[in-house]
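*Asks:* Numbering (the UniProt record's numbering), first residue to last: 1 to 199.
Right under this line is the structure:
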């Protein structure tokens, strides 16, 4: 059963008329629904408080800085490179140039997140217990997807997740520095992890 049409009360009609007076029409011709409406009753003019002026015309974003980049969060490699050096500066320089040889390596390439996390925890903690200082963690660069995802998907899930894991407990207490590896040790698909001395 269809509903009866609802008509505006005099207060609602007055409010609508005041809003409609301030709006600019989108089209020149009148909508057919306006011709069928009941005759207008004179609405009292709304009081104009002193000191209020109409808003000036503006466009959204007109004062935005066009030179400012849209991507405000730098990439993972840039963030790791800009991180303060917590280890000896001379050793850090040698490490980033690929001159230091890692004492052990862990290859997580091809593992899922649930497989990789316990492997990483065991490897880092056992390496620190053995007195190792520089280890290499290989994550792989990630692969291109064959499908279009509805939301942007990062390539290399492990590559983005491993530094976050290394910054959380229990690994945070063992790790002194995380740096992207030199090209001879895996480049974008690997990290140097410099460990604290075991106490």
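Quick reminder that beta carbons are idealized off the backbone N, C-alpha and C, glycines included.
Entirely within the region 55-103 and at least 4 residues each: give me those alpha helix (DSSP H) ranges in chain order.
*Replies:* Qualifying alpha helix (DSSP H) stretches, in chain order: 76-82 and 89-96.
*Asks:* Since residue 120 is in the alpha helix (DSSP H), which residue starts that stretch and which ends it?
*Replies:* Translated into the one-based positions of the chain shown, residue 120 becomes position 120. Element bounds for residue 120: 113-129.
*Asks:* Of all the options 183, 194, 181 and 182, which has the alpha carbon lying nearest to the alpha carbon of residue 167?
*Replies:* Position 167 of the chain shown, counted from the start, is the residue given in the question as residue 167. Per the Cα distances, 194.
*Asks:* Sorted by chain position, which residues of the same chain lie with C-beta nearer than 8 Å to residue 172's C-beta, five sequence neighbours on each side aside?
*Replies:* Taking the first residue of the chain shown as 1, we reach residue 172 at position 172. The answer, listed in chain order, is 166.
*Asks:* Identify whether residue 136 lies in helix, strand or coil by the three-state DSSP scheme.
*Replies:* Stepping through the chain shown from its first residue, residue 136 is reached at position 136. Residue 136 falls in the strand class under three-state DSSP.
*Asks:* Would you call residue 123 buried or exposed, if buried means 16 or more other Cβ atoms sit within 10 Å of its Cβ?
*Replies:* Within the chain shown, residue 123 is the residue found at index 123, counting from 1. Result: buried.
*Asks:* Is the distance from the Cβ of residue 102 to the Cβ of residue 136 below 8 Å?
*Replies:* Counting from one through the chain shown, the residue named residue 102 turns up at place 102. Counting from one through the chain shown, the residue named residue 136 turns up at place 136. For residue 102 and residue 136, yes; Cβs fall inside 8 Å.
*Asks:* Residue 108 and residue 120 look like a contact to me (Cβ under 8 Å); what is the Cβ gap, rounded to whole Å?
*Replies:* By one-based count along the chain shown, residue 108 stands at place 108. By one-based count along the chain shown, residue 120 stands at place 120. Confirmed, about 7 Å.
*Asks:* For residue 184, count the other beta carbons within 10 Å of its own beta carbon; 16 or more makes it buried, fewer makes it exposed. Which is it?
*Replies:* One-based indexing of the chain shown puts residue 184 at position 184. Exposed.
*Asks:* Per DSSP, residue 105 is paired with what?
*Replies:* Residue numbering aside, residue 105 sits at position 105 when the chain shown is read from its first letter. Answer is 136, bridged to residue 105.
*Asks:* With distance defined between alpha-carbon atoms, name the residue in 3, 160, 86 and 54 nearest to residue 74.
*Replies:* Position 74 of the chain shown holds residue 74. Residue 160 is the option with its Cα nearest to residue 74.
*Asks:* If you run the structure through DSSP and keep just helix, strand and coil, what is residue 200?
*Replies:* Residue 200 is absent from the model: the chain starts at 1 and stops at 199.
*Asks:* Short of 8 Å in beta carbon distance, which residues of its chain neighbour residue 175, apart from the five on each side in sequence? Order them along the chain.
*Replies:* Looking up residue 175 in the chain shown gives position 175. Here the set comprises 124, 166, 167, 193, 194, 195 and 196.
*Asks:* Let me check one thing: in DSSP terms, what residues is residue 179 bridge-paired to?
*Replies:* The residue given as residue 179 occupies position 179 in the chain shown. Answer by DSSP bridge pairing, in chain order: 192.
*Asks:* What separation, rounded to the nearest whole angstrom, lies between the Cα atoms of residue 113 and residue 24?
*Replies:* Locating residue 113 in the chain shown gives position 113, counting from the first residue. Locating residue 24 in the chain shown gives position 24, counting from the first residue. Whole-angstrom Cα-Cα distance: 56 Å.
*Asks:* Are the beta-carbon atoms of residue 141 and residue 156 separated by less than 8 Å?
*Replies:* The residue you call residue 141 lines up with position 141 of the chain shown. The residue you call residue 156 lines up with position 156 of the chain shown. Their beta carbons are under 8 Å apart, which means residue 141 touches residue 156 by this criterion.
*Asks:* Assuming residue 80 and residue 170 form a contact by the criterion Cβ under 8 Å, report the distance between their Cβ atoms to the nearest whole angstrom.
*Replies:* For this step, residue 80 is matched to residue 80 along the chain shown. For this step, residue 170 is matched to residue 170 along the chain shown. About 21 Å separates the two Cβ atoms, so there is no contact after all.
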